[in-house]
Structures are given as C-alpha cells and as structure tokens.
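K.L.:
Handing you this structure, nothing more for now.
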Amino acid sequence: MNQNNLRTVTVMRYITPLREGGSLPALAEADDDFKYVLKFRGAGHGVKALIAELLGGEIARFLGLPVPELVFANLDEAFGRMEGDEEIQDLLKFSQGLNLGLHYLSGAITYDAAVNDCDELLASKIVWLDAFITNVDRTFRNTNLLIWHKELWLIDHGASFYFHHSWDNWKANAVSPFALIKDHVLLPKATKMEEVHAEFTQKLNDTVLKELVHLIPEDWLQWENGEITSEEIKDVYFHFLSLRLANSDNFLKQTQDARKTLI
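Mapping of the sequence shown onto UniProt numbering: position 209 corresponds to residue 209, and the numbering continues sequentially without gaps.
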C-alpha cells in the first residue's frame with residue numbers, strides 16, 4: 001500500500017461559518033489558494049472527531065470511494081483575532097495548531113434520496129464502509145452525501161468510531177453488528193453487499209490499517225486525562241479496526257437482516 005501523508009496547508013482567510021454543522025465547521029481559504037471546509041479541534045468532540053474524520057475519509061479513499069481531498073490545516077496564533085462573533089473567536093482560539101480540512105466542492109448539492117439516484121454497487125460500498133467504521137450519521141435526516149459534477153461524494157465521517165467517547169468498551173464495539181445501520185439512507189439500494197464484502201475484506205488487511213492509523217498526528221493524541229500514551233491510543237484504533245475486519249461477517253449479517261425488513 002502506498003499511502004502518502006496528507007498535505008499540510010496554512011489557513012489564510014476565514015470566509016464563513018457553515019451553521020448546518022453542529023460543530024461549527026467553516027469555509028476557509030488556505031495558502032495553496034484552495035478553499036476548504038475546516039473541522040476544528042476546538043469544537044464539540046475535539047480531536048476525537050478529527051481522528052474519526054481522518055480515518056473514515058482515508059479508509060473510504062483507500063477502498064476507492066469518492067471523498068474530497070483531506071488536508072491537515074494549520075491555524076496560527078493570530079488567526080481569528082479580528083473575528084467579530086465571540087463564539088467563533090473562541091472556537092478559533094481553542095483550535096490553534098493542526099486541524100483538518102476537506103477540499104470544498106463548489107456548487108455541490110446535498111444528496112436527497114427522494115430525488116437523486118445511486119448505483120446499487122456504490123450504495124452497497126458506502127453501507128459496508130459505514131458499518132465497518134460505525135458511522136452513525138448517514139441517515140435520511142442528514143445524508144452527508146453530496147452531488148458534485150453529477151457524481152456522489154462522501155463527506156463528514158466525524159461521527160464514526162463512537163466507541164472512543166467511552167474508551168473502555170472498544171473490544172465490544174469492535175465485534176458488534178452495528179444495529180444503527182437500519183437507519184442508513186442508502187440501505188434500500190444496497191443489494192450487492194455480498195459482492196462488496198468479498199472485495200473489501202480482500203483489500204483491507206492489518207498492514208493497510210496500521211498505515212492508516214499512523215496518519216493520525218501526534219498533536220491529536222495528547223489527550224487531557226494523560227492516562228494513555230499516544231502510542232497506546234493508536235494501538236487501540238488499530239486493534240479496533242483489525243478486530244472489526246476479522247468479525248465483519250457480524251455487521252454484514254446485520255445489514256442484510258435490516259434490509260429484509262425494508263423490502
């Protein structure tokens with residue numbers, strides 16, 4: 001696997017908050033002259049949401065799914081001092097250092113299952129991915145899918161890996177069938193789960209998973225409680241993914257059973 005490190009950019013201009021996001025993401029411009037949707041370490045679930053975004057997005061990319069480029073986005077100390085909104089000013093203040101940016105898909109529209117179609121193979125791939133990374137946030141209410149240039153793109157994986165909010169039960173979560181897949185927006189179209197399961201379980205392995213986990217910046221692993229080292233944190237993410245892959249038949253069956261109740 002040739003998994004290159006993500007590019008790092010410096011944020012130059014804060015353009016506007018994206019109020020539809022609960023963690024106050026923002027549209028910003030970086031020193032490479034591209035615009036990015038910024039996810040901030042100072043928001044909501046902090047660096048854990050950024051780790052979920054990074055791992056979820058890069059696993060999706062490795063599996064060949066369409067995801068906007070992810071970059072590490074550096075926010076310097078002076079950035080945001082002129083921001084008039086106090087809430088945003090505080091967010092920027094607490095987000096100094098390394099954050100995460102998704103390449104902005106200008107002109108993209110939100111996927112609507114009632115209006116937009118999705119190929120059954122692609123739908124099955126997305127459902128499998130979300131069951132694997134335990135992504136609770138790809139529902140009819142909030143699809144986290146965009147249509148851009150007539151193609152479907154995946155965004156926002158920050159609600160994945162929810163085990164890390166109650167760190168002690170990661171092993172149980174790793175082998176869980178993931179019942180919440182029943183709410184997935186693309187589940188009705190996911191008719192090719194067996195085919196996708198065979199492909200993805202062949203592509204993924206411990207070597208790939210270890211390389212993906214090692215993309216997590218050291219800066220995001222200095223957790224406040226200090227009871228677990230950065231290497232131990234990475235080790236848990238790796239073993240979670242490895243164990244989940246080894247027990248992937250569990251969530252495959254859950255997905256197939258959930259589909260049957262829809263038909």
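Each residue gets a CB set at the ideal place from its N, CA and C atoms; glycine is no exception. As the structure is a prediction and not an experimental result, all values here were calculated from the model.
1) Taking the DSSP output, what are the residues bridged to Gly44?
2) What does Ala30 pair with, by DSSP beta-bridge criteria?
3) Would you mind listing the alpha helix (DSSP H) stretches within the segment 73-159 that are 4+ residues and don't spill past its ends, in chain order?
4) Please identify the residue among Val9, Asn116 and Val208 whose C-alpha is closest to the C-alpha of Val37.
5) Taking the beta strand (DSSP E) that Lys35 falls in, what are its first and last residues?
6) Among the candidates Pro17, Leu24 and Met12, whose CA atom is the shortest distance from the CA of Asp32?
7) Mapping the DSSP letters down to three states, classify Val175 as helix, strand or coil.
8) Between the alpha carbons of Phe200 and Gly42, how many angstroms are there, rounded?
9) By how many angstroms is the C-alpha of Asn135 removed from the C-alpha of Val67?
10) Whole angstroms is fine: what's the gap from Asp183's alpha carbon to Val127's?
11) Counting along the chain, where does the alpha helix (DSSP H) carrying Lys189 start and finish?
12) Give the single residue among Ile155, Val236, Leu186 and His103 whose Cα lies nearest to the Cα of Arg7.
13) Compare the beta carbon distance of Leu186 and Leu209 with 7 Å and say whether it is the shorter of the two.
14) Exposed or buried, His214, counting other C-beta atoms within 10 Å across all chains shown (16 or more means buried)?
15) For Pro177 and Gln254, what's the separation of their Cα atoms in angstroms?
16) How is the alpha helix (DSSP H) around Leu212 delimited, first residue to last?
17) If you follow the alpha helix (DSSP H) that Asp235 is in, where does it begin and where does it stop?
18) Closer than 7 Å by C-beta to Lys189: which residues in its own chain qualify, once you throw out the five before and the five after it? Chain order, please.
19) How long is the line joining the alpha carbons of Pro17 and Gly44, rounded to whole angstroms?
20) Assuming His157 and Ala73 are in contact, meaning their beta carbons sit under 8 Å apart, how far apart are those beta carbons, in whole angstroms?
21) Leaving aside the five residues before and after Asp130 along the sequence, list all residues of the same chain whose C-beta is less than 8 Å from its C-beta, in chain order.
22) Check this for me: beta carbons of Ala174 and Leu252, under 7 Å apart or not?
23) Who are Val71's beta bridge partners in DSSP?
24) Mapping the DSSP letters down to three states, classify Thr255 as helix, strand or coil.
25) Output yes or no for whether 7 Å exceeds the beta carbon distance between Ala30 and Ile15.
26) Within 10 Å of its beta-carbon, does Ala179 have 16 or more other beta-carbons around it, so buried, or fewer, so exposed?
P.N.:
Checking against the coordinates, here is how it stands:
1) One-based indexing of the sequence shown puts residue 44 at position 44. Paired residues: none, contrary to the question.
2) For this step, residue 30 is matched to residue 30 along the sequence shown. The bridge partners DSSP lists for Ala30 are Val11.
3) Uninterrupted alpha helix (DSSP H) stretches at least 4 residues long and entirely within the segment 73-159 occur at 86-93 and 120-132, given in chain order.
4) In the sequence shown, counting from the first residue as 1, residue 37 sits at position 37. Among Val9, Asn116 and Val208, the Cα nearest to that of Val37 belongs to Val9.
5) Counting from 1 along the sequence shown, the entry for residue 35 is found at position 35. Counted as a single uninterrupted DSSP element, the beta strand (DSSP E) harbouring Lys35 occupies residues Lys35 to Lys39.
6) Position 32 of the sequence shown, counted from the start, is the residue given in the question as residue 32. The option with the nearest alpha carbon to Asp32 is Met12.
7) Taking the sequence shown and counting its residues from 1, the one referred to as residue 175 is at position 175. Residue state, collapsed to three classes: coil.
8) Position 200 of the sequence shown, counted from the start, is the residue given in the question as residue 200. Position 42 of the sequence shown, counted from the start, is the residue given in the question as residue 42. If you draw a straight line from the Cα of Phe200 to the Cα of Gly42, it comes to about 34 Å.
9) Reading the sequence shown from its first residue, position 67 is the one you call residue 67. Reading the sequence shown from its first residue, position 135 is the one you call residue 135. Near 15 Å, if we compare the C-alpha coordinates of Asn135 and Val67.
10) In the sequence shown, the residue the question calls residue 183 occupies position 183. In the sequence shown, the residue the question calls residue 127 occupies position 127. The alpha-carbon atoms of Asp183 and Val127 are separated by roughly 10 Å.
11) The count along the sequence shown starts at 1 and reaches residue 189 at position 189. Neither: Lys189 is in no alpha helix (DSSP H) and is coded neither H nor E.
12) Along the sequence shown, read from residue 1 onward, the residue named residue 7 stands at position 7. The shortest C-alpha to C-alpha distance from Arg7 to any of Ile155, Val236, Leu186 and His103 is the one to His103.
13) Numbered from 1 along the sequence shown, position 186 holds the residue referred to as residue 186. Numbered from 1 along the sequence shown, position 209 holds the residue referred to as residue 209. Contact flag unset, no.
14) Within the sequence shown, residue 214 is the residue found at index 214, counting from 1. Exposed, since its Cβ has fewer than 16 Cβ neighbours within 10 Å.
15) As a first step, residue 177 is located in the sequence shown; it is residue number 177 there, counting from the start. As a first step, residue 254 is located in the sequence shown; it is residue number 254 there, counting from the start. Those two C-alpha atoms are separated by around 6 Å.
16) Mapped onto the sequence shown, residue 212 falls at position 212. First-last of the alpha helix (DSSP H) with Leu212: Asp206 to Val213.
17) For this step, residue 235 is matched to residue 235 along the sequence shown. Element bounds for Asp235: Ser230 to Ala246.
18) As a first step, residue 189 is located in the sequence shown; it is residue number 189 there, counting from the start. Cβ neighbours of Lys189 beyond the five flanking positions: Cys118, Glu120 and Ala123.
19) Stepping through the sequence shown from its first residue, residue 17 is reached at position 17. Stepping through the sequence shown from its first residue, residue 44 is reached at position 44. The straight-line gap from Cα to Cα measures roughly 15 Å.
20) The residue given as residue 157 occupies position 157 in the sequence shown. The residue given as residue 73 occupies position 73 in the sequence shown. With 8 Å as the limit, His157 and Ala73 do not qualify as a contact, their Cβ atoms being about 16 Å apart.
21) Taking the first residue of the sequence shown as position 1, residue 130 is located at position 130. The residues are Arg138, Ser160, Ile181 and His184.
22) Taking the sequence shown and counting its residues from 1, the one referred to as residue 174 is at position 174. Taking the sequence shown and counting its residues from 1, the one referred to as residue 252 is at position 252. Contact flag unset, no.
23) Locating residue 71 in the sequence shown gives position 71, where the first residue counts as 1. Gly101, per the DSSP bridge assignment.
24) Along the sequence shown, one-based indexing puts residue 255 at 255. Note: Thr255 maps to helix in three-state DSSP.
25) As a working mapping, residue 30 is identified with position 30 in the sequence shown. As a working mapping, residue 15 is identified with position 15 in the sequence shown. The answer is no: Cβ separation not under 7 Å.
26) The sequence position of residue 179 within the sequence shown is 179, counting from 1. Ala179 comes out exposed.
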